[in-house]
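*Asks:* Keeping their order, the protein sequence lines are chains A and B.
Under this note's numbering, think of the first position of the first sequence as 902, with each following residue one higher.
Under this note's numbering, think of the first position of the second sequence as 6, with each following residue one higher.
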Amino acid sequence: MSQREITYAKAINEAMSEEMRRDKEIFFMGEDIGIYGGAFGVSVGMIEEFGETRVRDTPISEAAIIGAAAGAAATGSRPIAEIQFSDFISIGIDQLGNQAAKMRYMFGGRAQVPMVVRAPIGSGTGAAAQHSQSQEAWYCHIPGLKVVTPSTPYDAKGLLKSAIRDNNPVVFLEQKLLYRKKGLVPDEEYTIPLCKGEIKREGTDLSIISWGRMVPMVLEVAEKLAKEKKCEIEVIDPRTLMPLDKQIIIDSVKKTGKAMIVHEAVLTGGYGGEIAAVIADSEAFFHLDAPIRRVGGFDVPIPYNPELERNAVPTPERIEANIRELLQ
Amino acid sequence: MEKNTGKNGKRKSNLSKEKLQDMYMKMLHTRAFEEKVAYFFSRGMVHGTTHLYVGEEATAVGAIANLRADDWITSTHRGHGHTIAKGLDLNRMMAELLGKETGYCKGKGGSMHISDITLGHLGANGIVGGGIPIATGAALTVKLRGEDKVVICFFGDGAINEGTFHESVNMASAWKLPVIYLCENNQYGMSTSQKKATNIDDLSVRAQAYGIPGKRIDGNDIFEVYETVREAKEYVKKNGPYLIVAETYRYLGHSKSDANRYRTKEEINEWKTKDPIPRMRIYLEENKIFTPEELDGMETKAKQDIENAVEYAKNSPDPDPADLLTDVYAD
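(1) Would you say the segment 131-143 of chain B touches the segment 157-176 of chain B, given that touching needs at least three Cβ pairs under 8 Å?
(2) Thinking C-alpha only, which one of B:87, B:328, B:260 and B:238 is nearest residue 248 of chain B?
(3) Below 9 Å on C-beta distance, what does residue 176 of chain B contact in chain A?
(4) Going along the chain, which unbroken runs of the alpha helix (DSSP H) with 4 or more residues stay wholly within the segment 252-303 of chain B?
(5) Where are the alpha helix (DSSP H) runs, 4 residues long or more, that stay fully inside the segment 183-228 of chain B, in chain order?
(6) Taking C-alpha atoms, which residue in A:973, A:979, A:963 and A:941 lies nearest to residue 922 of chain A?
(7) Residue 1217 of chain A: buried (16+ other C-beta within 10 angstroms of its C-beta) or exposed?
(8) Report buried or exposed for residue 1101 of chain A, applying the criterion of at least 16 other Cβ atoms within 10 angstroms of its Cβ.
(9) For residue 187 of chain B, which residues from the same chain have a beta carbon less than 7 Å from its beta carbon, with the 5 sequence-adjacent residues on both sides left out?
(10) Using a C-beta cutoff of 9 Å, does residue 218 of chain B count as contacting chain A?
(11) Output needed in chain order: residues of the segment 89-115 of chain B with a Cβ under 8 Å from some Cβ in chain A.
(12) Starting from the C-beta of residue 1094 of chain A, find all residues in its chain whose C-beta is less than 8 Å away, skip the five residues before and the five after it, and write them out in chain order.
(13) To which residues of the same chain is residue 1001 of chain A closer than 6 Å at the C-beta, ignoring the five residues directly before and after it?
(14) Identify, in the order they occur along the chain, each residue of the same chain with its Cβ nearer than 6 Å to the Cβ of residue 207 of chain B, setting aside the five sequence neighbours on each side.
(15) Hey, residue 1079 of chain A and residue 1053 of chain A: beta-carbon distance below 9 Å or not?
(16) Checking contacts by CB at 9 Å: is residue 317 of chain B closer than that to chain A?
(17) For a cutoff of 9 Å on Cβ pairs, would you count residue 954 of chain A as touching chain B?
(18) Between the alpha carbons of residue 1044 of chain A and residue 301 of chain B, how many angstroms are there, rounded?
(19) List, in order along the chain, the chain A residues whose C-beta lies closer than 7 Å to that of residue 140 of chain B?
(20) Are residue 1037 of chain A and residue 1166 of chain A closer than 9 Å when you measure CB to CB?
(21) In the DSSP assignment, what residue or residues form a beta bridge with residue 1083 of chain A?
(22) Does residue 1049 of chain A pass the burial test, meaning 16 or more other C-beta atoms within 10 Å, or should it be called exposed?
(23) Residue 1134 of chain A to residue 1103 of chain A, Cα distance in whole Å?
(24) For a cutoff of 9 Å on Cβ pairs, would you count residue 995 of chain A as touching chain B?
(25) What ranges does the beta strand (DSSP E) occupy inside the segment 71-114 of chain B, keeping only unbroken runs of at least 3 residues that lie completely in it?
(26) Of all the CB atoms in chain B, is at least one closer than 9 Å to the CB of residue 1147 of chain A?
(27) Count the other CB atoms, across all protein chains shown, that sit within 10 Å of the CB of residue 946 of chain A; report buried if there are 16 or more and exposed otherwise.
(28) Could you have a look at residue 1011 of chain A and say whether DSSP puts it in helix, strand or coil?
(29) In this structure, what does DSSP give as the bridge partners for residue 958 of chain A?
(30) Taking its Cβ as the centre, do 16 or more other Cβ atoms sit within 10 Å of residue 127 of chain B, making it buried, or is it exposed?
(31) Taking C-beta pairs closer than 8 Å, name the residues in chain B that residue 1044 of chain A reaches, listed in chain order.
(32) Three Cβ pairs or more, each shorter than 8 Å: is that satisfied between the segment 1178-1196 of chain A and the segment 1217-1229 of chain A?
(33) So, does the CB of residue 47 of chain B fall closer than 9 Å to a CB anywhere in chain A?
(34) Going along chain A, which residues have a C-beta under 8 Å from residue 72 of chain B?
(35) Which chain A residues are close to residue 336 of chain B, counting only those with a beta carbon under 8 Å from its beta carbon?
(36) Are the beta-carbon atoms belonging to residue 906 of chain A and residue 1083 of chain A less than 9 Å from one another?
Below, the structure written as structure tokens:
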């Protein structure tokens, strides 16, 4: 199978473009996604190919963007809505959480809302507290939504194609520090099923469950410790956080007997708590020989100063220190 | 167009006898449905809450009389009138209020979530202003597909102060979407008078800010509503959105827990002299379209239809407990 190396941003662009070529009901809207190419350049070239009818620059109106996507989806379209920073979803949260997510259930199963809300999340760009959050747990707490966050270009492309084909509202959270990272994707078309995690690295001593940009960071630490012959860490990326592939986590923890969750989001109320509970509620509990450890962002807004910002969320040093402690 | 206040006798109408009967019956059905629901709530026979449309019937019926089944509407928490006008089944509506398996939402939605996508009804809505972006999105589908359809977005004088109104009307106007934004000004957002909530008397002036037409009408005059929406429908198909503000009034409280402390009996009684149902009846009688006996017969039939709906609902099964967990996600 022939492969190419592309960036995470390009993978997302290709997923949208391929799907829009396949299905005329798909359209794409958001702020500055046309000629500008999106705040992070993800949609460069799309307006040239698909025109301004299907690649729609919107007013700065997040509630109308998300709500119009819901209304368009309920009436037969398949919209992709880009919210420029995931932090701004809060302006349209009613339309996402009270409308799009609940429509099917409220209407007794007689509606479907096939839409994707794409938005970049995470810190590391010096944009401070209102442009840097990781709020995936908010969306996971709303039944009716699916929540996906890829950690590689390969996953980004395959998962986004599945998200676009899914008949439910999907919140697709993109890691802004990964946009320029490159990875291999096949030349041939492929998709990756939602709600299915992946073992990113096999190991025997500890299971680390992580997602988004923390995955490459955890893998780097795992490789370092393996080289030092300290331990072999298994790294699980659920990829879809809601609905969660619980089995892949449980099976891994049963094998290794130790579990750690690493996420960028603030620790308290973070999705790591949910995953810890999944492990503790399962037969994996009886295989644990150490407490479940969570490593997350500190409970502070993301600060501006680069060193403060870097240390507000897990760093390789902090992850390594926690692993060493847990394995003692 | 001649202005109509109170009596309706002089108004000309080109509507067929069948159409007039259908419109009159839908107003009667709404009134009888709501009065029955009010009775149920007063006796504690159904749970939750409900928001009744008594007094506002001409707005929903007059507007929706312009639509086909495949045109779209979004409704509100006070949605039974729009729903009956859109042609949804009275039995299944009543069954939903009683939380039954045969209800429109299989007992999962209740009063505030009745919908039927197959009849162009995108749902009542528990969030004030929540349906406005959804109507806008429906109009976007219509426009993208090049369909010959329109959307009517119903909302109230409370919702017109929500951000979703501003964001949606602006977007629809920029994109020239085929949607009529129809504000039912029933004078109160729960207990707060529209005159206290805004610094303008005529809400339709807001249309100017979006570069679209705006018109204030008598929402209790079914012919004025019908004709305004007919014009607006042709307009929006070619030019983009239109704002209509229909002045109307709810005789009953905001919801079942309302003690009516914020308004006077005199005010309520004053509005009752403008009740849309007797006004249409006077028109139908004076123009000899129907005899008084025929009209009495319609009123009897409307009440009987609601009694039948109650029987249907009462005899319907409760939802299967296992159904609690279904319908969260589509396949």
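Glycine included, C-beta positions come from ideal geometry on N, C-alpha and C.
*Replies:* Checking against the coordinates, here is how it stands:
(1) With contact defined as three or more Cβ pairs closer than 8 Å, the segment 131-143 of chain B and the segment 157-176 of chain B are in contact.
(2) The count along the second sequence starts at 1 and reaches residue 248 of chain B at position 243. Residue 248 of chain B has its Cα closest to that of B:238, out of B:87, B:328, B:260 and B:238.
(3) Stepping through the second sequence from its first residue, residue 176 of chain B is reached at position 171. What residue 176 of chain B touches in chain A: 959, 960, 962, 965, 966 and 969.
(4) Listed in chain order, the complete alpha helix (DSSP H) runs (minimum 4 residues) inside the segment 252-303 of chain B are 270-277 and 281-291.
(5) As far as the segment 183-228 of chain B is concerned, its whole alpha helix (DSSP H) runs of at least 4 residues are 199-202 and 211-214.
(6) Numbered from 1 along the first sequence, position 21 holds the residue referred to as residue 922 of chain A. Measuring C-alpha to C-alpha distances from residue 922 of chain A to each of A:973, A:979, A:963 and A:941 identifies A:979 as the nearest.
(7) Working through the first sequence from its first residue, we reach residue 1217 of chain A at position 316. Residue 1217 of chain A counts as exposed, since fewer than 16 other beta carbons sit within 10 angstroms of its beta carbon.
(8) As a first step, residue 1101 of chain A is located in the first sequence; it is residue number 200 there, counting from the start. Counting Cβ neighbours within 10 Å, residue 1101 of chain A comes out buried, since at least 16 surround it.
(9) The residue given as residue 187 of chain B occupies position 182 in the second sequence. These residues qualify, in order along the chain: 68, 157, 158, 159, 249 and 251.
(10) Here residue 218 of chain B refers to the residue found at position 213 of the second sequence. No - not a single Cβ of chain A is within 9 Å of the one on residue 218 of chain B.
(11) Answer in chain order: 108, 109, 110, 111, 112, 113 and 114.
(12) Indexing the first sequence from 1 puts residue 1094 of chain A at position 193. 1063.
(13) What you label residue 1001 of chain A is simply residue 100 of the first sequence in a count that begins at 1. Cβ neighbours of residue 1001 of chain A beyond the five flanking positions: 971, 1014 and 1070.
(14) On the second sequence, position 202 is the one that residue 207 of chain B refers to. Here the set comprises 221.
(15) Here residue 1079 of chain A is taken as the residue at index 178 of the first sequence, counted from 1. Here residue 1053 of chain A is taken as the residue at index 152 of the first sequence, counted from 1. Yes. Within cutoff.
(16) As a position in the second sequence, residue 317 of chain B is number 312, starting the count at 1. Between residue 317 of chain B and chain A, the shortest Cβ-Cβ separation is not below 9 Å.
(17) For this step, residue 954 of chain A is matched to residue 53 along the first sequence. The beta-carbon of residue 954 of chain A is placed less than 9 Å from the nearest beta-carbon of chain B.
(18) To locate residue 1044 of chain A, count along the first sequence from 1; it is residue 143. To locate residue 301 of chain B, count along the second sequence from 1; it is residue 296. One C-alpha to the other measures close to 49 Å.
(19) Residue numbering aside, residue 140 of chain B sits at position 135 when the second sequence is read from its first letter. Listed along chain A are 972, each with a C-beta nearer than 7 Å to that of residue 140 of chain B.
(20) By one-based count along the first sequence, residue 1037 of chain A stands at place 136. By one-based count along the first sequence, residue 1166 of chain A stands at place 265. Taking a C-beta distance under 9 Å as the contact criterion, residue 1037 of chain A and residue 1166 of chain A qualify as a contact pair.
(21) Translated into the one-based positions of the first sequence, residue 1083 of chain A becomes position 182. Looking at the DSSP output, residue 1083 of chain A sits in a beta bridge with A:908.
(22) Within the first sequence, residue 1049 of chain A is the residue found at index 148, counting from 1. By the 10 Å Cβ count, residue 1049 of chain A comes out buried.
(23) As a working note, residue 1134 of chain A is residue 233 in the first sequence. As a working note, residue 1103 of chain A is residue 202 in the first sequence. Distance between the alpha carbons of residue 1134 of chain A and residue 1103 of chain A is about 7 Å.
(24) The count along the first sequence starts at 1 and reaches residue 995 of chain A at position 94. Output row for residue 995 of chain A: interface = yes.
(25) List check, beta strand (DSSP E) in window: 77-79.
(26) Working through the first sequence from its first residue, we reach residue 1147 of chain A at position 246. No, residue 1147 of chain A does not count as interfacial toward chain B.
(27) Taking the first residue of the first sequence as 1, we reach residue 946 of chain A at position 45. For residue 946 of chain A, the number of other beta carbons within 10 angstroms of its own is below 16, and it is reported as exposed.
(28) Locating residue 1011 of chain A in the first sequence gives position 110, where the first residue counts as 1. Note: residue 1011 of chain A maps to coil in three-state DSSP.
(29) By one-based count along the first sequence, residue 958 of chain A stands at place 57. Answer by DSSP bridge pairing, in chain order: A:931.
(30) Here residue 127 of chain B is taken as the residue at index 122 of the second sequence, counted from 1. Per the 10 Å Cβ criterion, buried.
(31) Position 143 of the first sequence holds residue 1044 of chain A. Contact note: residue 1044 of chain A reaches chain B through 333, using a C-beta cutoff of 8 Å and chain order.
(32) When C-beta atoms of the segment 1178-1196 of chain A are compared with those of the segment 1217-1229 of chain A, three or more pairs fall below 8 Å, so the two segments count as touching.
(33) As a position in the second sequence, residue 47 of chain B is number 42, starting the count at 1. Chain A, which has no Cβ nearer than 9 Å to the Cβ of residue 47 of chain B, makes this no.
(34) Here residue 72 of chain B corresponds to residue number 67 of the second sequence, with the count starting at 1. In chain order: nothing, as chain A lies at least about 14 Å away.
(35) Walking along the second sequence from the start, residue 336 of chain B turns up at place 331. Chain A residues near residue 336 of chain B: 1068.
(36) Taking the first residue of the first sequence as position 1, residue 906 of chain A is located at position 5. Taking the first residue of the first sequence as position 1, residue 1083 of chain A is located at position 182. Their beta carbons are under 9 Å apart, which means residue 906 of chain A touches residue 1083 of chain A by this criterion.
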